[in-house]
Amino acid sequence: MASDEYQKTIDQCIAELDMIANDTSVPRNIRRSVTEIIDVLKDENQELFLRAASALKTLSDVSYDPNLPMHTGTYIWSILGKLETIPPEV
Numbered sequence: 074m075a076s077d078e079y080q081k082t083i084d085q086c087i088a089e090l091d092m093i094a095n096d097t098s099v100p101r102n103i104r105r106s107v108t109e110i111i112d113v114l115k116d117e118n119q120e121l122f123l124r125a126a127s128a129l130k131t132l133s134d135v136s137y138d139p140n141l142p143m144h145t146g147t148y149i150w151s152i153l154g155k156l157e158t159i160p161p162e163v
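Following this note's numbering, the numbering of the sequence shown begins with 74 at its first residue and continues without gaps.
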């Protein structure tokens, strides 16, 4: 995959995370963490892989929150899978 395709993957993840951040059925602490992840993914001062790795760590922690609604968990696992496709050499 080319670097632009990985950037498209990041953009798609940001769009999905934005839906979670604006979903009022999701607890506030989870929405706050998702907003922080969006900021990390948008930070162009870091390499693409570092942004993805940082987002993976935080998103993985969020996925184990006992208050996470089931439908949101499904989105989060989907996003985790997409972020894991970004290799270190990008």
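Think of the CB as a built atom: it goes at the ideal place given N, C-alpha and C, for glycine as much as any other residue.
Opening and closing residue of the alpha helix (DSSP H) in which residue i lies
{"i": "Y148", "result": "M143 to L156"}
{"i": "N164", "result": "The requested residue 164 does not occur in the structure, where the chain is confined to residues 74 to 163."}
{"i": "Y79", "result": "S76 to A94"}
{"i": "S98", "result": "From DSSP, S98 is part of no alpha helix (DSSP H); its letter is neither H nor E."}
{"i": "D134", "result": "L121 to S136"}
Anticipated Cβ contact below 8 Å, residue i with residue j, distance rounded
{"i": "R124", "j": "L114", "result": "5 Å"}
CA nearest to the CA of residue i, picked from the options
{"i": "I83", "options": "A128, M92 and V99", "result": "A128"}
{"i": "N140", "options": "G154, A88 and S98", "result": "S98"}
{"i": "E162", "options": "S133, L121 and T131", "result": "L121"}
Cβ-based neighbour list, residue i, same chain, cut-off 8 Å, excluding 5 preceding and 5 following
{"i": "S136", "result": "G146, I149, W150 and L153"}
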